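**Student:**
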Amino acid sequence: MPVVNKELGKIFSDMSHIYQYKNGKQRFRAIAYEKASRVINDLQDDITTFTKKGQLEEIPGVGSSIAEKINEYVKTGKIKKFESLKKTVPIDMLELMNISGFGPQSLKRIHQRLKINNRDEVIKALQDGRISEIKGFGKKKVDNMLRSLKLHKTVEERMLLWNAIEAGNKVLDEFKKMKEVRQAELAGSLRRKKETIGDIDILVTCDEKSRKKIITKFVALPLVKEVLAKGDTKASVIINEFNKQVDVRIINPDEWGSALLYFTGSKEHNVQLRTIARDKGYKISEYGLFDIKTGKRIAGGTEEEIYNKLGFESIPPEMREQKGELDLAAKNKIPSLVTLTDIKGDMQMHSTWSDGTMDIEDLARFVSGHYPYEYIVLTDHSKSEIIAGGMNEEQFIDQVKEIRRVNTKLKKDFIKTGTEVDIKADGSLDLKDELLEQLDWVCASIHTGFTHDNTERIIAACENKFVNCIGHPSGRLIGQREAYPVNWEKVFRVAKQTNTAFEINCQADRMDLNDELAIMARENGVKLTISTDSHQQSQFAFMQLGVFIARRAWCTKNDILNTASWNEIKKFAERKRKK
DNA sequence: GCCGTTTTCGGCCCGACTGTTTTCAGTCG
80 MPVVNKELGK IFSDMSHIYQ YKNGKQRFRA IAYEKASRVI NDLQDDITTF TKKGQLEEIP
140 GVGSSIAEKI NEYVKTGKIK KFESLKKTVP IDMLELMNIS GFGPQSLKRI HQRLKINNRD
200 EVIKALQDGR ISEIKGFGKK KVDNMLRSLK LHKTVEERML LWNAIEAGNK VLDEFKKMKE
260 VRQAELAGSL RRKKETIGDI DILVTCDEKS RKKIITKFVA LPLVKEVLAK GDTKASVIIN
320 EFNKQVDVRI INPDEWGSAL LYFTGSKEHN VQLRTIARDK GYKISEYGLF DIKTGKRIAG
380 GTEEEIYNKL GFESIPPEMR EQKGELDLAA KNKIPSLVTL TDIKGDMQMH STWSDGTMDI
440 EDLARFVSGH YPYEYIVLTD HSKSEIIAGG MNEEQFIDQV KEIRRVNTKL KKDFIKTGTE
500 VDIKADGSLD LKDELLEQLD WVCASIHTGF THDNTERIIA ACENKFVNCI GHPSGRLIGQ
560 REAYPVNWEK VFRVAKQTNT AFEINCQADR MDLNDELAIM ARENGVKLTI STDSHQQSQF
620 AFMQLGVFIA RRAWCTKNDI LNTASWNEIK KFAERKRKK
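Take the first sequence: its position 304, counted from the start at 1, is 383 in this note's numbering, and no numbers get skipped.
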């Protein structure tokens with residue numbers, strides 16, 4: 080994330096906290112700052128590209144007042160209003176507001192009674208019993224505050240989508256095993272397939288009388304580490320796996336659609352939908368769609384029913400991020416998103432010839448036995464990748480012979496020849512064109528210089544007529560390594576001109592391109608590939624992760640190259656070579 | 001503070017759980 084965006088996001092989040100703390104009547108102002116903070120944090124481009132063009136107010140949630148503050152910050156490095164606000168509250172204490180149980184009103188009372196000014200003092204006062212002497216702070220509340228303080232660190236770290244899918248399914252299976260349960264489904268950001276997941280949401284239906292029994296069974300499961308809350312219709316627990324929070328909601332079977340809609344989010348999508356419903360004289364809650372005047376329930380059994388009653392076509396969960404999907408749905412223009420079954424082959428993987436764990440024949444037999452693919456492309460590393468056992472030109476020639484041998488043995492032209500060739504610091508490749516020309520598919524990737532601006536390097540690679548695709552283009556590793564700076568608009572323009580595809584790499588910690596960049600690529604007319612970059616058997620299953628990214632980027636089958644037959648892909652490569 | 005195919009003013013989604021209360025505020029998702 081661009082540094083300025085991060086700084087501004089933090090400032091606006093702080094301002095939101097300050098307004099919540101100061102005065103309940105400023106609630107909506109606080110919400111506005113909160114929203115601005117989130118939007119700016121999610122922004123792909125550096126905010127200064129907006130300030131330069133005077134387009135700040137085109138960002139949703141940014142109006143004239145916040146735009147002015149952004150300009151002030153970009154120009155002077157400060158926001159006067161924020162500086163003066165900071166002096167009126169114990170700002171160091173408000174850091175705690177991100178922790179559950181530490182709301183503005185509680186912190187305010189603690190500050191006023193104990194004259195405490197920072198988070199460490201609050202923690203100390205909690206532990207030595209001073210806070211439990213304040214009216215309204217009983218033993219349970221203090222215990223809860225101490226507990227969530229302890230949990231805060233581990234729970235705040237988000238988990239990778241892949242891990243969340245595995246953990247979520249484990250819990251989901253437990254519900255499906257209970258005979259009282261009618262339906263159970265993963266909801267929340269997990270259902271929308273965000274690249275990282277905060278907590279796991281599960282929705283369950285049953286007869287009303289079975290609710291208590293289900294909750295009781297659930298909180299007693301061995302996989303539950305700690306119970307945070309439980310009532311008649313919901314429960315929150317921490318599970319052993321990844322130390323993550325799981326929220327369960329139980330509803331009646333005829334509320335399935337409205338509850339799923341509500342529990343899937345995103346929050347922004349729901350708020351927009353509810354606002355529209357309200358304008359039309361309806362009210363949406365997790366219990367259904369209601370006519371405000373008569374109080375009559377209009378819909379709620381399925382999500383589709385609710386969308387339709389409000390004049391929308393149904394919207395896939397991956398699109399529910401308030402990015403204009405409701406406008407499209409109103410015009411019946413929701414794209415037909417790519418699905419896993421559309422994928423006809425895997426475009427990047429490694430064998431024992433470089434750093435993979437399977438030899439070519441085992442690999443081919445495994446994939447053709449477990450996946451319905453028409454082709455796979457073997458893309459072992461080139462010589463610069465010494466640690467990964469990268470190969471030189473002669474070794475690639477030998478490998479081509481081996482691939483032919485295996486294909487003959489399998490009696491089909493299943494394995495395509497290829498490489499993941501290194502893009503060197505100067506933008507040149509570390510394999511000779513004479514070799515690249517002989518391969519079916521060339522993917523070029525950056526493996527060094529992660530802190531530099533790599534725009535020109537990627538462009539240079541695109542301009543080589545034997546390069547068909549750029550691999551893991553942004554170089555980020557989720558939670559470990561930031562993406563290197565790149566002028567993406569420029570890069571995607573060149574990609575389009577040169578007929579170079581860009582990869583959506585499915586490795587669980589890469590997910591690269593991410594959804595935002597995939598949107599930008601698609602809008603620029605750049606073709607995408609979805610590939611697992613598998614190094615071992617289990618990783619071929621990552622393909623679904625890439626499909627999820629593509630769906631979040633509103634991609635159809637036509638945007639994804641490897642939904643096509645190999646003949647089509649060959650034509651794509653040939654067009655570039657002829658240019 | 002943001003926002004607008006009924007509004008440039010007057011709205012701003014909706015309900016459950018907890019704890020400490022005698023009817024509700026605070027917090028959360």
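For every residue, glycine included, the Cβ atom is placed at its ideal position computed from N, Cα and C.
The model shown is predicted, which means the values in this text are computed figures rather than measured ones.
What would DSSP say about G360, mapped onto helix, strand or coil?
**Tutor:** Taking the first residue of the first sequence as position 1, residue 360 is located at position 281. In the structure shown, G360 sits in coil (DSSP, three-state: anything other than H, G, I, E or B).
**Student:** So, with DSSP's three-state summary, where would you put D93?
**Tutor:** If you number the first sequence from 1, residue 93 lands on position 14. Helix, per DSSP.
**Student:** If I measure Cβ to Cβ from D492 and keep anything under 7 Å in the same chain, skipping five residues before and after, which residues do I get?
**Tutor:** Along the first sequence, one-based indexing puts residue 492 at 413. Excluding residues within five positions, the ones whose Cβ falls inside 7 Å are N486.
**Student:** I394 and E365 look like a contact to me (Cβ under 8 Å); what is the Cβ gap, rounded to whole Å?
**Tutor:** If you number the first sequence from 1, residue 394 lands on position 315. If you number the first sequence from 1, residue 365 lands on position 286. No, I394 and E365 are not in contact; Cβ-Cβ is about 17 Å, not under 8 Å.
**Student:** Count the other C-beta atoms from every protein chain shown that fall within 10 angstroms of the C-beta of R589, then say buried if there are 16 or more, exposed otherwise.
**Tutor:** Locating residue 589 in the first sequence gives position 510, counting from the first residue. Classification of R589: buried, given that the 10 Å Cβ count is 16 or more.
**Student:** Excluding the five sequence neighbours on either side, which residues of its own chain have a C-beta within less than 8 Å of the C-beta of R444, listed in chain order?
**Tutor:** Taking the first sequence and counting its residues from 1, the one referred to as residue 444 is at position 365. Same-chain partners within the cutoff: L489.
**Student:** Measure the alpha-carbon distance for Y386 versus S345 and round it to whole angstroms.
**Tutor:** For the purposes of this step, residue 386 is identified with residue 307 of the first sequence, where counting begins at 1. For the purposes of this step, residue 345 is identified with residue 266 of the first sequence, where counting begins at 1. The straight-line gap from Cα to Cα measures roughly 15 Å.
**Student:** Are the segment 533 to 544 and the segment 569 to 577 touching by the rule of at least three beta carbon pairs closer than 8 Å?
**Tutor:** Yes, they touch.
**Student:** For the beta strand (DSSP E) containing W567, name the first residue and the last one.
**Tutor:** On the first sequence, position 488 is the one that residue 567 refers to. That residue, W567, is in no beta strand (DSSP E); its alpha helix (DSSP H) goes 567 to 577.
**Student:** For W633, which three-state DSSP category applies?
**Tutor:** Sequence index remark: in the first sequence, residue 633 carries index 554 (1-based). Of the three classes helix, strand and coil, the one that applies to W633 here is coil, per DSSP.
**Student:** If you run the structure through DSSP and keep just helix, strand and coil, what is C541?
**Tutor:** Here residue 541 refers to the residue found at position 462 of the first sequence. Of the three classes helix, strand and coil, the one that applies to C541 here is helix, per DSSP.
**Student:** For R560, which beta-bridge partners are listed by DSSP?
**Tutor:** For the purposes of this step, residue 560 is taken as residue 481 along the first sequence, with counting starting at 1. R560 pairs with L556.
**Student:** What residue does the alpha helix (DSSP H) around H449 start on, and which one ends it?
**Tutor:** Here the question's residue 449 lines up with position 370 in the first sequence. Start and end: 439 to 449.
**Student:** Among the residues of its own chain, which have a CB less than 6 Å from the CB of I363, if the five just before and after it don't count?
**Tutor:** Taking the first sequence and counting its residues from 1, one reaches residue 363 at position 284. So the list reads R353, A356, once near-sequence residues are dropped.
**Student:** Please work out which residues of its chain come closer than 7 Å, Cβ to Cβ, to F181, disregarding the five sequence neighbours upstream and downstream, and give them in chain order.
**Tutor:** Mapped onto the first sequence, residue 181 falls at position 102. Result list for F181: L175, M224, in chain order.
**Student:** For the beta strand (DSSP E) that K304 lies in, which residues bound it at each end?
**Tutor:** Counting from one through the first sequence, the residue named residue 304 turns up at place 225. Residues 303 to 309.
**Student:** Consult DSSP for A643 and reduce its assignment to one of helix, strand or coil.
**Tutor:** For this step, residue 643 is matched to residue 564 along the first sequence. Coil.
**Student:** Distance check for D406 and G267, CA to CA, integer angstroms please.
**Tutor:** Numbered from 1 along the first sequence, position 188 holds the residue referred to as residue 267. Numbered from 1 along the first sequence, position 327 holds the residue referred to as residue 406. Taking the straight line joining both Cα atoms gives about 22 Å.
**Student:** In the DSSP assignment, find the unbroken beta strand (DSSP E) run with N584 in it and report its ends.
**Tutor:** Taking the first residue of the first sequence as 1, we reach residue 584 at position 505. Start and end: 580 to 584.
**Student:** Given N196, which residues of its chain have a CB within under 8 Å of its CB, disregarding the five upstream and five downstream residues?
**Tutor:** Taking the first sequence and counting its residues from 1, one reaches residue 196 at position 117. The residues are P169, D171, M172, H190.
**Student:** Could you have a look at M398 and say whether DSSP puts it in helix, strand or coil?
**Tutor:** Taking the first sequence and counting its residues from 1, one reaches residue 398 at position 319. Helix, per DSSP.
**Student:** Flag this pair as touching only if the segment 314 to 326 and the segment 239 to 257 have three or more C-beta atom pairs under 8 Å; answer yes or no.
**Tutor:** Touching, per the Cβ criterion.
**Student:** With contact counted as at least three CB pairs below 8 Å, one residue from each stretch, are the segment 594 to 605 and the segment 372 to 380 in contact?
**Tutor:** No, the segment 594 to 605 does not touch the segment 372 to 380.
**Student:** Can you name, in chain order, every residue of its own chain whose Cβ lies under 6 Å from the Cβ of H348, other than the five neighbours on each side?
**Tutor:** Here residue 348 is taken as the residue at index 269 of the first sequence, counted from 1. R399, Q401, listed in sequence order.
**Student:** Rounded to whole angstroms, what is the Cα-Cα separation between R555 and D591?
**Tutor:** Counting from 1 along the first sequence, the entry for residue 555 is found at position 476. Counting from 1 along the first sequence, the entry for residue 591 is found at position 512. So the alpha carbons of these two residues sit roughly 7 Å apart.
**Student:** Strictly by DSSP, which residues pair up with Y454?
**Tutor:** Here residue 454 is taken as the residue at index 375 of the first sequence, counted from 1. DSSP output for Y454 lists G424 as bridge partner(s).
**Student:** Counting along the chain, where does the alpha helix (DSSP H) carrying W241 start and finish?
**Tutor:** Here the question's residue 241 lines up with position 162 in the first sequence. Residues 240 to 256.
**Student:** Once DSSP output is grouped into helix, strand and coil, what is the label at G267?
**Tutor:** Residue 267 sits at position 188 when you count from the first residue of the first sequence. Looking at G267 - three-state DSSP - the assignment turns out to be helix.
**Student:** Have a look at R483 and H231 and give me their C-alpha separation to the nearest angstrom.
**Tutor:** In the first sequence, counting from the first residue as 1, residue 483 sits at position 404. In the first sequence, counting from the first residue as 1, residue 231 sits at position 152. For R483 and H231, the distance between alpha carbons rounds to 55 Å.
**Student:** Between which two residues does the beta strand (DSSP E) holding L282 run?
**Tutor:** Along the first sequence, read from residue 1 onward, the residue named residue 282 stands at position 203. Residues 279 to 284.
**Student:** Quick one: any contact between the segment 427 to 436 and the segment 455 to 474, if contact means 3 or more CB pairs under 8 Å?
**Tutor:** Yes, the segment 427 to 436 is in contact with the segment 455 to 474.
**Student:** Could you have a look at I330 and say whether DSSP puts it in helix, strand or coil?
**Tutor:** Residue 330 sits at position 251 when you count from the first residue of the first sequence. Three-state result, I330: strand.
**Student:** In angstroms, rounded to a whole number, what distance separates the CA positions of V573 and A620?
**Tutor:** Taking the first residue of the first sequence as 1, we reach residue 573 at position 494. Taking the first residue of the first sequence as 1, we reach residue 620 at position 541. Rounded to whole angstroms, V573 to A620 spans 32 Å at the Cα level.
**Student:** Strictly by DSSP, which residues pair up with A378?
**Tutor:** Locating residue 378 in the first sequence gives position 299, where the first residue counts as 1. Paired residues: L368.
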